[in-house]
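Colleague:
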Amino acid sequence: MTWLVWRLHRTQLYIAAALLAALTVLLLVTGLQMASQYHSALAACAASHSCANLASTLFLGSHAVGFGVIMTLGVPALFGLFWGAPLVASELETGTSQFAWMQTVTRKHWLAVTAGWMLLAAAAWGGAVSGLVTWWSGPDNALQLDQFKPGRFDIMGIVPVGYALFAMALGLCAGALLRRTLPALAVTLAGFIVVRAVITVWLRPHYLSAVTVTYKLFSPFTPTGSYWQLAQGVLNPAGRLVPAANGLAIDGVPVGSLPSACAAPASGLQPPGPACRQALAAFHGFITYQPASRYWAFQGIEFGIFAALATVLIAVTAVMLLRRDV
Amino acid sequence: MISFRVDGRSVVPPYLQIVQQVKQALRMGVLDVGDKLPTVREVVAATAINPNTVLKAYRDLERDGLVEARAGHGTFVRHRPPGPPPGTHSRLGRSLIRWVAEAREAGLDDESMESLLRVALRAETEEETA
Amino acid sequence: MIGVQAVPEAATAIRTIGLSKRYHRVTALSEATITVPEGRISALIGPNGAGKTTLLRLLAGLTRPTGGEMTVNGGIPRQDPAFLAGIGFLAQEVPLYRRLSAEDHIRAGAHLNPCWDGVSVRERLAALAIPVDRAVGTLSGGQRAQVALALTLAKRPRLLLLDEPVAALDPLARRNFLAILADAVAAGGLTVVLSSHLVADAERVCDHIIMLAASRVQLCGDIDTLLAEHQILVGPRKDTSAIERDHRVVQLTRTPRQVTMLVRRNGPVIDPAFAVSDVSLEELVLAYMGQDAPPTLARLTSIGDSE
Numbered sequence: 001m002t003w004l005v006w007r008l009h010r011t012q013l014y015i016a017a018a019l020l021a022a023l024t025v026l027l028l029v030t031g032l033q034m035a036s037q038y039h040s041a042l043a044a045c046a047a048s049h050s051c052a053n054l055a056s057t058l059f060l061g062s063h064a065v066g067f068g069v070i071m072t073l074g075v076p077a078l079f080g081l082f083w084g085a086p087l088v089a090s091e092l093e094t095g096t097s098q099f100a101w102m103q104t105v106t107r108k109h110w111l112a113v114t115a116g117w118m119l120l121a122a123a124a125w126g127g128a129v130s131g132l133v134t135w136w137s138g139p140d141n142a143l144q145l146d147q148f149k150p151g152r153f154d155i156m157g158i159v160p161v162g163y164a165l166f167a168m169a170l171g172l173c174a175g176a177l178l179r180r181t182l183p184a185l186a187v188t189l190a191g192f193i194v195v196r197a198v199i200t201v202w203l204r205p206h207y208l209s210a211v212t213v214t215y216k217l218f219s220p221f222t223p224t225g226s227y228w229q230l231a232q233g234v235l236n237p238a239g240r241l242v243p244a245a246n247g248l249a250i251d252g253v254p255v256g257s258l259p260s261a262c263a264a265p266a267s268g269l270q271p272p273g274p275a276c277r278q279a280l281a282a283f284h285g286f287i288t289y290q291p292a293s294r295y296w297a298f299q300g301i302e303f304g305i306f307a308a309l310a311t312v313l314i315a316v317t318a319v320m321l322l323r324r325d326v
Numbered sequence: 001m002i003s004f005r006v007d008g009r010s011v012v013p014p015y016l017q018i019v020q021q022v023k024q025a026l027r028m029g030v031l032d033v034g035d036k037l038p039t040v041r042e043v044v045a046a047t048a049i050n051p052n053t054v055l056k057a058y059r060d061l062e063r064d065g066l067v068e069a070r071a072g073h074g075t076f077v078r079h080r081p082p083g084p085p086p087g088t089h090s091r092l093g094r095s096l097i098r099w100v101a102e103a104r105e106a107g108l109d110d111e112s113m114e115s116l117l118r119v120a121l122r123a124e125t126e127e128e129t130a
Numbered sequence: 001m002i003g004v005q006a007v008p009e010a011a012t013a014i015r016t017i018g019l020s021k022r023y024h025r026v027t028a029l030s031e032a033t034i035t036v037p038e039g040r041i042s043a044l045i046g047p048n049g050a051g052k053t054t055l056l057r058l059l060a061g062l063t064r065p066t067g068g069e070m071t072v073n074g075g076i077p078r079q080d081p082a083f084l085a086g087i088g089f090l091a092q093e094v095p096l097y098r099r100l101s102a103e104d105h106i107r108a109g110a111h112l113n114p115c116w117d118g119v120s121v122r123e124r125l126a127a128l129a130i131p132v133d134r135a136v137g138t139l140s141g142g143q144r145a146q147v148a149l150a151l152t153l154a155k156r157p158r159l160l161l162l163d164e165p166v167a168a169l170d171p172l173a174r175r176n177f178l179a180i181l182a183d184a185v186a187a188g189g190l191t192v193v194l195s196s197h198l199v200a201d202a203e204r205v206c207d208h209i210i211m212l213a214a215s216r217v218q219l220c221g222d223i224d225t226l227l228a229e230h231q232i233l234v235g236p237r238k239d240t241s242a243i244e245r246d247h248r249v250v251q252l253t254r255t256p257r258q259v260t261m262l263v264r265r266n267g268p269v270i271d272p273a274f275a276v277s278d279v280s281l282e283e284l285v286l287a288y289m290g291q292d293a294p295p296t297l298a299r300l301t302s303i304g305d306s307e
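So the protein lines, in turn, are chains U, Z and B.
If you count the first sequence from 1, position 292 lands on 292 in my numbering, and the numbers rise without skipping.
If you count the second sequence from 1, position 129 lands on 129 in my numbering, and the numbers rise without skipping.
If you count the third sequence from 1, position 281 lands on 281 in my numbering, and the numbers rise without skipping.
(1) At 8 Å on the CB atoms, spell out the chain B contacts of residue 41 of chain Z, in chain order.
(2) Go through its chain and collect everything with a Cβ distance to residue 266 of chain U's Cβ below 8 Å, but skip five positions before and after it.
(3) Just list the residues that DSSP pairs residue 229 of chain U with in beta bridges.
(4) Go ahead and label residue 202 of chain U buried or exposed: buried means 16 or more other beta carbons lie within 10 angstroms of its beta carbon, across all protein chains shown.
(5) Please report the residue range of the beta strand (DSSP E) in which residue 104 of chain B lies.
(6) Count the other C-beta atoms from every protein chain shown that fall within 10 angstroms of the C-beta of residue 116 of chain B, then say buried if there are 16 or more, exposed otherwise.
(7) Could you please tell me which residues of the stretch 273-304 of chain U, in chain order, have their CB closer than 9 Å to any CB of chain B?
(8) If we ignore side chains and look at the alpha-carbon of each, how far apart do residue 330 of chain U and residue 133 of chain U end up?
(9) Considering only residues of the stretch 19-71 of chain B, which uninterrupted alpha helix (DSSP H) runs meet the minimum length of 4 residues and lie entirely inside it, listed in chain order?
(10) Mind checking whether residue 109 of chain Z and residue 77 of chain Z have CB atoms under 8 Å apart?
(11) Comparing the C-beta of residue 309 of chain B with each C-beta of chain Z, is any distance below 8 Å?
(12) Counting only the same chain and skipping the five closest in sequence on each side, list residues whose C-beta sits under 7 Å from that of residue 264 of chain B.
(13) Which residues mark the beginning and the end of the beta strand (DSSP E) in which residue 74 of chain Z is found?
(14) In the DSSP assignment, find the alpha helix (DSSP H) that holds residue 152 of chain B and state where it starts and stops.
(15) Let me know if residue 126 of chain U comes out buried or exposed under the rule of 16 or more other beta-carbons within 10 Å of its beta-carbon.
(16) Distance cutoff 8 Å, beta carbons only. Does residue 155 of chain B sit that close to anything in chain U?
(17) Quick one: is residue 33 of chain U near chain B, going by C-beta distance under 8 Å?
(18) Does any residue of chain Z have a CB that is nearer than 8 Å to the CB of residue 164 of chain B?
(19) Are any of the Cβ atoms in chain Z nearer than 8 Å to that of residue 307 of chain B?
(20) Could you tell me the boundaries of the beta strand (DSSP E) in which residue 250 of chain B lies?
(21) Can you tell me whether DSSP reads residue 290 of chain B as helix, strand or coil?
(22) Identify which residue in U:115, U:72 and U:307 has its Cα closest to the Cα of residue 151 of chain U.
(23) Work out the CA separation of residue 309 of chain U and residue 196 of chain U for me, nearest whole Å.
(24) Our contact map puts residue 44 of chain B next to residue 194 of chain B with C-beta atoms below 8 Å; I'd like the distance itself, whole angstroms only.
(25) Mind listing the chain Z neighbours of residue 121 of chain B? Cutoff is C-beta to C-beta under 9 Å, in chain order.
(26) May I ask you to report which of helix, strand or coil DSSP gives residue 148 of chain U?
(27) Is residue 168 of chain U closer than 8 Å to residue 119 of chain U when the C-beta atoms are compared?
(28) For residue 221 of chain U, does the count of other Cβ atoms within 10 angstroms reach 16, so buried, or fall short, so exposed?
(29) I'd like to know whether the C-beta of residue 275 of chain B is nearer than 8 Å to at least one C-beta of chain Z.
(30) Assign residue 136 of chain U to one of two classes, buried (16 or more other C-beta atoms within 10 Å of its C-beta) or exposed (fewer than that).
(31) Counting contacts by CB-CB distance shorter than 8 Å, is residue 231 of chain B in contact with chain U?
(32) Determine the extent of the beta strand (DSSP E) in which residue 220 of chain B is found, giving its start and end residues.
(33) I want to see whether chain C comes within less than 8 Å of residue 84 of chain Z, judged by CB atoms only; does it?
(34) Please report how far the alpha carbon of residue 62 of chain B lies from the alpha carbon of residue 87 of chain B, in whole angstroms.
(35) For residue 72 of chain B, which residues from the same chain have a beta carbon less than 6 Å from its beta carbon, with the 5 sequence-adjacent residues on both sides left out?
(36) Output yes if chain B places a C-beta closer than 8 Å to the C-beta of residue 71 of chain U; else output no.
Here's what the structure looks like:
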């Protein structure tokens, strides 16, 4: 059965291997360049004691490659689309599944071997791409400290493997449910996007209770490392949120919410006087965030969620194929 | 070696067609005593008929004593069916042509002539059994 | 039970009792009771929609019945390598991978089946001059059917179930296909059920018949025996109740002067008024199929019955 799976999909396998090889070469070359660029910049700024500004002045690599790396967000979806969905759907649509089933292969064995190799391929490919991107992003992560943020979090570490498993399982399940290739493709794509979006926006911030720190306006607090900021703002003395400062502001408090002691003259803002400062002391700033130390915990939790979803989908696929009349 | 032809549209059942073709071949000298008949598989491959049909035909021929089956070797011709003396066919053929001409002159068409022949054959069978 | 012949248990390839299959509100097969002895080539005849494909899929274990029971190759059909190894099923839509060659399929078969005779496939295809290296999708319909048949036979099944395998084939391809089939049965150890809506093919290569109409089994038995049991009686128009009482009248046609009956004899017919003649397989099939015909059709067979 393994031979048949390989023989049927060897073209896709070769293409995937070629693409991976191309990506490897690209990222290796540019990654090494970026690393050396970063280290020389570090050496230079250490000499002139201007490293604090490095993050905003140094741009590593090229825009094109950077864009390409961001696009690896979509890689897991490709598995579901080009491999998972068409596999089961087209076998059921054209009836070729009957070839194997009538060659002394039980449906259980057919599904186990086929799905097994497909999921393994998805995990391996997803892992390889993720590994490459994680390594490649090393200098950038050290510089920008933004790997916990959505968009960066999703393309590094172990979560891409979880997404790939999920996409593949979703494709297989859609194929088994709908039995037609095009509808299965559409459902897989839509399902993948919706689930990823929902989890990233609504679930991820709450995996672990966020930490909130309030501080005096004059001594703002910034968490260390690559933390993930969820919310930030200013509270007035009554504890209510002050609207964000879009224009003129003193220490983050916009003109419209300033206490009377800080009334600004028509000619513009002046540095706050002692009365104003005293009034502002009643204001507080706050930041709600996930500490950098929780990065790997979040990676693990999100991977677990997608792996569990993949498991459920495979179970549903098995039930559908083994119980229903095909 | 003899090759069989089975006509699916004929009123004669397939196994009987095979029996008749074997007897015909023996009469004409195509098959002789000691010759091997085609195997069941060879007949089936050539005519696409059911193997049991061929078996039935060969069993019939064996019962009539014309062939014998030797286990592991095949089916072989044993006897020739008793036939008319040489020259009989041509003699009877000529007298039949004369009869047909006479019947045609009398106004009989083909069907009527065939009908007469069938009646005569049946009458002869009934006479034999009587 | 119509037309079921008693056969000793040991020699049956297929035995079903009251087999039924319902899909929601549609009954695809109803109370099918059949017996197919081993070594037969059985014709599964019936109009489209009569339940032929459903019956074959039930026997192959591809579908589960909603009622009744069945024994196939001595066991109950299920997803089990031992059972699957003994069954060969060829669906109407010849399930081959279009982009793979025949040689690829042969190699796949070697990997998938415990018992595989790849040499026989190559020999059969070579004898038919079918190339094994080209993608199967580039072959003609007849050639694809031959490839599929050769592959199905190579796993050495005990029972072969074919769903309208020759429907789309030209006469020569059809002949070749049936010849290979008959040859495989002649080699021994194989029973075949072959569905078709052409009676001519059945007459030539089959020795057993299962007739389905309106999702029910109308006839099941050896062809020779069934033909011997049925006869056509033609005679002047008169009272036929005696005949109808003693024998089973399958079809009755009346004209103002004449009555024609197709009966299943229960002993010899002794009525000098009737001319007795043999019935052909086609007439028999048509007569049994007409039993469930819609009312307008039935009326047509009683022309001038107004008296």
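Glycine included, every Cβ here is placed at the ideal spot set by N, Cα and C.
All figures in this text were calculated on a predicted structure; none of them were measured in a lab.
Modeller: With the structure as the only source:
(1) Near residue 41 of chain Z (Cβ distances below 8 Å), the residues of chain B are 183, 186 and 187.
(2) Interpretation of residue 266 of chain U is limited by its pLDDT of 48, a score under 50 that renders its predicted location unreliable; no figure is taken from the coordinates.
(3) Paired residue(s): U:289.
(4) By the neighbour-count rule (16 or more Cβ atoms within 10 Å), residue 202 of chain U is not buried but exposed.
(5) Membership of residue 104 of chain B in any beta strand (DSSP E) is not indicated; the residue belongs instead to the alpha helix (DSSP H) covering 102-112.
(6) With 16 or more Cβ atoms within 10 Å of its Cβ, residue 116 of chain B is classed as buried.
(7) If you check each beta-carbon in the stretch 273-304 of chain U against every beta-carbon of chain B, none falls closer than 9 Å.
(8) Lying outside 1 to 326, the shown extent of chain U, residue 330 of chain U is not represented and no answer is given.
(9) Look at the stretch 19-71 of chain B and you find these whole runs of alpha helix (DSSP H), each 4 residues long or longer: 52-60.
(10) Not a contact, by the Cβ cut-off of 8 Å.
(11) Past the boundaries of the shown model lies residue 309 of chain B; chain B is included only from 1 to 307, so the question cannot be answered.
(12) Contacts found: 229, 230, 247, 248 and 250.
(13) 74-77 is the extent of the beta strand (DSSP E) around residue 74 of chain Z.
(14) Under the DSSP assignment, residue 152 of chain B falls in the alpha helix (DSSP H) whose first and last residues are 141-154.
(15) It counts as buried.
(16) Residue 155 of chain B belongs to the set of residues whose beta carbon lies under 8 Å from a beta carbon in chain U.
(17) Under the 8 Å criterion on CB atoms, residue 33 of chain U is classed as non-interfacial with respect to chain B.
(18) Closer than 8 Å: no.
(19) Because residue 307 of chain B carries a pLDDT of 38, less than 50, the predicted location of this residue cannot be relied on, and the following value inherits that uncertainty. Not closer than 8 Å to any Cβ of chain Z, the Cβ of residue 307 of chain B fails to qualify, so no.
(20) That run of the beta strand (DSSP E) goes 248-254.
(21) In this structure, residue 290 of chain B counts as helix in the three-state DSSP scheme.
(22) Among U:115, U:72 and U:307, the Cα nearest to that of residue 151 of chain U belongs to U:72.
(23) Roughly 12 Å separates the two Cα atoms.
(24) Between residue 194 of chain B and residue 44 of chain B the Cβ distance is about 7 Å, and since that is below 8 Å, they are a contact.
(25) None at all; the shortest Cβ gap to chain Z is about 17 Å.
(26) If DSSP states are grouped into helix, strand and coil, residue 148 of chain U belongs with coil.
(27) Yes, these two residues count as a Cβ contact at 8 Å.
(28) Exposed, by the Cβ-count rule.
(29) Not a single C-beta of chain Z is nearer than 8 Å to the C-beta of residue 275 of chain B.
(30) Buried, because 16 or more other Cβ atoms sit within 10 Å of the Cβ of residue 136 of chain U.
(31) For residue 231 of chain B, the answer is no, since every Cβ of chain U falls outside 8 Å of its Cβ.
(32) 216-222 is the span of the beta strand (DSSP E), which, as asked, contains residue 220 of chain B.
(33) The structure shown contains no chain C; the protein chains it does contain are U, Z and B.
(34) About 11 Å.
(35) Cβ within range, chain order: 14 and 59.
(36) For residue 71 of chain U, the answer is no, since every Cβ of chain B falls outside 8 Å of its Cβ.
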